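Just below is one structure, and these are the notes that go with it.
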Amino acid sequence: MADTEKQTLGFQAEVKQLLQLMIHSLYSNKEIFLRELISNASDASDKLRFEAINNDALYGNDHELKIKVSFDKAARTITISDNGIGMSRDEAISHLGTIAKSGTKEFFGKLSGDQQADAALIGQFGVGFYSGFIVADKITVETRRAGLDAAHGVRWESAGEGDYSIEQIEKPSRGTDIILHLREGEDELLSSWKIKSIIRKYSDHISLPIVMAKEEWDEEKKETVVKDELETVNQASALWARAKSDITPEQYEEFYKHVSHDFAAPLTHTHNRVEGRSEYTQLLYIPAKAPFDLWDRNKRGGIKLYVKRVFIMDDAEQLMPTYLRFVKGVIDSADLPLNVSREILQESRDVKVIRDGSTKRVIGMLEELANADEQEKKDKYATFWTEFGQVLKEGVGEDAANKDRLAKLLRFASTNADSDEQTVSLADYVARMKEGQDKIYYATADSYKAAKNSPHLEIFRKKGVEVLLMTDRVDEWMLSFLTEFEGKELVSVAKGGLDLGSLEDEAEKKEHEETETSYKELTEKMKAALADKAKEVRVTFRLTDSPACLVADEHELSGNLLRMLKAAGQAAPESKPILEINPNHPLVTRLKYENADSTQFADWSHILFDQALLAEGGSLADPATFVKRLNEMLLSGAAK
């Protein structure tokens, strides 16, 4: 079929699913359709400005970019028109018929069926053009790409169900007209006052003029008449270029929703003009909710780059480090060339200055929340940490220049708290260390419950020493860079020999030495029995209740990290753990007097090892043999 003929095509499956969810989930906030469509029109104009930097002919005879909103009461339509970049036929099919966004599968997988929760998620995903179907039962799009002649206009039309039609039309002007055919019951939108109020509420920050036909009261006709003259409804100036004193909190919030396509208000923002070696303006936001694709490290950042208020590119990842990929906003440089490319950004010294300055500004925003006395700000930081804490931890290893500042922002669960929701900073931990304690102790595990119940914590509970509980997948990697804080070494409770320093008195140390000597024969016999499993067997004093535990050598990977690597399908170095036995536990004292050559001695040794492995969250290589040994031991005990 020729491109000039009208075709009917099917929506991508995800589009159909999104349309149904969106219409029902977002109806209670239906006004946002106009914000989304105006935002798209603004983006289309930005893209034309950028392409026209190297090809001024794209403007033709129309250099004055604007967005026009109109309505027709008789036809029951609202039209949003722009003279921006427009779309070709292929672009219309690509942009309006499919969702090419990365993370689409994950997004739909997170939808729960709970209307309120799904509405928030849909907002994060960014509904854009499709929001028109909230109020319209049919949408007609007439568009022509800049640079193509009038004969290459395109009409796209759909009722928002399974398919859409597309055909070639004559369109005298470039840009896009979106015509919404309103559903029954939406007539309140066919009002100049209503449309203007929505524009001023949601789109006042748009830097282009948003125009509507002027209306005037006709005394003779006793009615309002529409004039040929247009009036600008919004302020039509770049919000970030205005003085902070001239911007209301509501305007900051709506601008955030424009640049982020998020429906929720941001957690906090910073707005600054920086002067010096490089001159630039930054308006940066921290969202209140993590996006569904937060863990996609290949996802481009959320920063829009402008040069002298001319849009250059979306998602300029060179302006913010990867670990701050959740930050949204605008950076407007006075120094970069208008024809800057991503390749130039990577090599530009000015960009490095902007990146460093913006990174420090974001960290400063977080410090202001984290160190505040006001409860409201403390609560905001707690929200931030819940949503983005794991990502911020990446910065400890990636950003050496700011590592110390980032370390002060870290929060961890600890043995002093009742739940993993109660967190402690490293500074707070150090401030309440016991007298004589010179190390920061931590335990890693794959869950809070596993860490909290780790046998490695028993001696610390007995002595009242706080231990940090680290359960995020990134923690093990982060700890390879964060080895000390304020001169205090960070020490794993499950690695190396236990050294409590001054927390042990001389009498305890002497008793330990004597016990180790008296159990030397047993540990050597167990080491022989467990030659295929354990690197070493030794007496421990870190246990008070459990018979045994596994520890890694000082410079080897922890058991938790080895398990994570294997689960991720990555190669893990072969290493055997050290089995530590509790000399005060009845099972161990009984084993001390067991004949080393007996089957029972070997079985008990294997059972103690396997129990220790299970207690730290590991999995047995041979569960059936473990069960068999355990059953035989139980039967043997029952027979006596």
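Start counting the sequence shown at 1; every next residue gets the next number (the UniProt record's numbering). Ideal Cβ positions, reconstructed from N, Cα and C, are used throughout, including at glycine. Keep in mind the model is a prediction, meaning the values are calculated, not measured.
Would you call the CB atoms of Leu369 and Phe384 closer than 8 Å?
-> Position 369 of the sequence shown holds residue 369. Position 384 of the sequence shown holds residue 384. Against a cut-off of 8 Å, the Cβ pair of Phe384 and Leu369 comes out as a contact.
Note down, in chain order, each residue of its chain lying with its Cβ closer than 6 Å to the Cβ of Ala615, except the 5 sequence neighbours on either side.
-> The residue you call residue 615 lines up with position 615 of the sequence shown. For Ala615, where only same-chain residues beyond five positions count, the Cβ hits under 6 Å are Pro455.
Can you give me the Cβ contacts of His271 inside the same chain, cut-off strictly under 6 Å, excluding the 5 residues immediately before and after it?
-> Within the sequence shown, residue 271 is the residue found at index 271, counting from 1. Lys244 and Leu283, listed in sequence order.
Take Glu513 and list the residues in its own chain whose beta-carbon comes closer than 6 Å to its own, dropping the five residues that flank it on each side.
-> Numbered from its first residue, the sequence shown carries residue 513 at position 513. So no residue of the chain qualifies.
So which of Ile206, His152, Leu409 and Lys73 has the shortest CA-CA distance to Ser45?
-> Within the sequence shown, the letter at position 45 stands for residue 45. The candidate whose alpha carbon is nearest that of Ser45 is Ile206.
List the residues that DSSP assigns as beta-bridge partners of Phe311.
-> Locating residue 311 in the sequence shown gives position 311, counting from the first residue. Looking at the DSSP assignment, Phe311 forms a beta bridge with Tyr306.
Is Gly393 near Met478, with beta carbons less than 8 Å apart?
-> Walking along the sequence shown from the start, residue 393 turns up at place 393. Walking along the sequence shown from the start, residue 478 turns up at place 478. According to the sequence displayed, residue 393 carries Lys and not Gly. Cβ atoms of Lys393 and Met478: closer than 8 Å.
Just confirm the distance between the C-beta atoms of Val141 and Glu186, as a whole number of angstroms; I'd bet it's less than 8 Å.
-> Walking along the sequence shown from the start, residue 141 turns up at place 141. Walking along the sequence shown from the start, residue 186 turns up at place 186. The beta-carbon distance between Val141 and Glu186, rounded to whole angstroms, is 19 Å. This is too long to meet the 8 Å contact definition.
Quick one: what's got a C-beta closer than 6 Å to Ser81's C-beta in the same chain, skipping five residues either side?
-> Your numbering for residue 81 matches position 81 in the sequence shown. Answer for Ser81: Lys68 and Asp177, listed in chain order.
What are the complete alpha helix (DSSP H) segments, minimum 4 residues, inside the stretch 162-240?
-> 192-202
Glu511 in three-state terms, based on DSSP | The residue given as residue 511 occupies position 511 in the sequence shown. Correct three-state label for Glu511: helix.
Identity of the residues DSSP links to Asp332 by a beta bridge = Your numbering for residue 332 matches position 332 in the sequence shown. Residue pairing from DSSP places Asp332 in a beta bridge opposite Thr281 and Tyr306.
Identity of the residues DSSP links to Ala445 by a beta bridge | By one-based count along the sequence shown, residue 445 stands at place 445. In the DSSP assignment, Ala445 forms no beta bridge with any residue.
Three-state class that DSSP yields for Val141 in the structure shown = The sequence position of residue 141 within the sequence shown is 141, counting from 1. If DSSP states are grouped into helix, strand and coil, Val141 belongs with the strands.
With Asp472 as the anchor, note down where its beta strand (DSSP E) starts and where it stops.
-> In the sequence shown, counting from the first residue as 1, residue 472 sits at position 472. Note, Asp472: premise wrong, no beta strand (DSSP E); not H, not E.
Residues bridged to Thr589 [DSSP beta-bridge criterion] = Locating residue 589 in the sequence shown gives position 589, counting from the first residue. DSSP, once it has assigned bridges, lists no residue as partnering Thr589.
Three or more C-beta pairs closer than 8 Å, one from the stretch 409-423 and one from the stretch 363-383: is that the case here?
-> yes
In chain order, what residues of the same chain have a beta carbon less than 7 Å from the beta carbon of Arg538, not counting five sequence neighbours either side?
-> For the purposes of this step, residue 538 is taken as residue 538 along the sequence shown, with counting starting at 1. Cβ within range, chain order: Thr523, Ile578 and Glu580.
My guess is that Tyr442 and Ser492 are in contact by the Cβ rule of under 8 Å, so how many angstroms apart are they, rounded?
-> Here residue 442 is taken as the residue at index 442 of the sequence shown, counted from 1. Here residue 492 is taken as the residue at index 492 of the sequence shown, counted from 1. That pair is a contact at about 6 Å.
Close-in-space but distant-in-sequence residues of the same chain around Glu253 (CB under 6 Å, 5 per side omitted) = The count along the sequence shown starts at 1 and reaches residue 253 at position 253. Excluding residues within five positions, the ones whose Cβ falls inside 6 Å are Ala265.
Cβ shell of Ala372 (< 7 Å), same chain only, five flanking positions each side left out = By 1-based counting over the sequence shown, the position of residue 372 is 372. If we look at Ala372 and ignore the five residues flanking it on each side, its Cβ neighbours are Lys378.
Exposure label - Trp156; buried when at least 16 CB within 10 Å | What you label residue 156 is simply residue 156 of the sequence shown in a count that begins at 1. Looking at its Cβ environment, which holds 16 or more other Cβ atoms inside 10 Å, Trp156 is buried.
8 Å contact criterion, which Ala494 and Ser419 should meet: CB distance rounded = Here residue 494 refers to the residue found at position 494 when the sequence shown is read from its first residue. Here residue 419 refers to the residue found at position 419 when the sequence shown is read from its first residue. Between Ala494 and Ser419, the beta carbon gap of about 22 Å keeps them out of contact (Cβ cut-off 8 Å).
Thinking C-alpha only, which one of Pro547, Ile78, Leu500 and Trp240 is nearest Leu189?
-> For the purposes of this step, residue 189 is identified with residue 189 of the sequence shown, where counting begins at 1. Answer by Cα proximity: Ile78.
What do you get for Asp246, buried or exposed, if any count of 16 or more other CB atoms within 10 angstroms of its CB means buried?
-> Residue mapping note: residue 246 aligns to position 246 of the sequence shown, counting from 1. Burial call: exposed.
Out of Ala602, Ile286 and Ala13, which has the shortest C-alpha to C-alpha gap to Asp532?
-> Stepping through the sequence shown from its first residue, residue 532 is reached at position 532. For the residues Ala602, Ile286 and Ala13, the minimum Cα distance to Asp532 belongs to Ala602.
Alpha carbon to alpha carbon, how far is Lys352 from Asp149?
-> Walking along the sequence shown from the start, residue 352 turns up at place 352. Walking along the sequence shown from the start, residue 149 turns up at place 149. Near 42 Å, if we compare the C-alpha coordinates of Asp149 and Lys352.
Residue-level contact to chain C via CB, Arg461, 8 Å cutoff = Looking at the structure shown, chain C is missing, and only one protein chain is on hand.
State the Cα-Cα distance for the pair Gly128 and Lys360, rounded to the nearest angstrom.
-> What you label residue 128 is simply residue 128 of the sequence shown in a count that begins at 1. What you label residue 360 is simply residue 360 of the sequence shown in a count that begins at 1. Approximately 32 Å between the Cα atoms of the pair.
Would you mind sorting Pro321 into buried or exposed? The rule is 16 or more other CB atoms within 10 Å of its CB.
-> Here residue 321 corresponds to residue number 321 of the sequence shown, with the count starting at 1. The residue is buried, with at least 16 neighbouring Cβ atoms inside 10 Å.
Check Gln422 in the structure and name its three-state DSSP category.
-> Mapped onto the sequence shown, residue 422 falls at position 422. In the structure shown, Gln422 sits in coil (DSSP, three-state: anything other than H, G, I, E or B).
Taking Asn29 as the reference, give the member of Gly389, Leu336 and Ile198 with the closest Cα.
-> Here residue 29 refers to the residue found at position 29 when the sequence shown is read from its first residue. Checked all of Gly389, Leu336 and Ile198; the closest Cα to Asn29 is Ile198.
Looking only at DSSP bridge pairs, what is Gln7 linked to?
-> Along the sequence shown, one-based indexing puts residue 7 at 7. According to DSSP, Gln7 bridges with Ile166.
Per DSSP, Ala413 is paired with what?
-> Along the sequence shown, read from residue 1 onward, the residue named residue 413 stands at position 413. In DSSP, Ala413 forms a bridge with Leu469.
How about Asp204 and Asn234: are their beta carbons less than 8 Å apart?
-> Here the question's residue 204 lines up with position 204 in the sequence shown. Here the question's residue 234 lines up with position 234 in the sequence shown. Taking C-beta atoms as the reference points, Asp204 and Asn234 count as a pair closer than 8 Å.
Host beta strand (DSSP E) of Asp72 (start-end) = Here residue 72 is taken as the residue at index 72 of the sequence shown, counted from 1. Per DSSP, Asp72 belongs to the beta strand (DSSP E) from Ile67 to Asp72.
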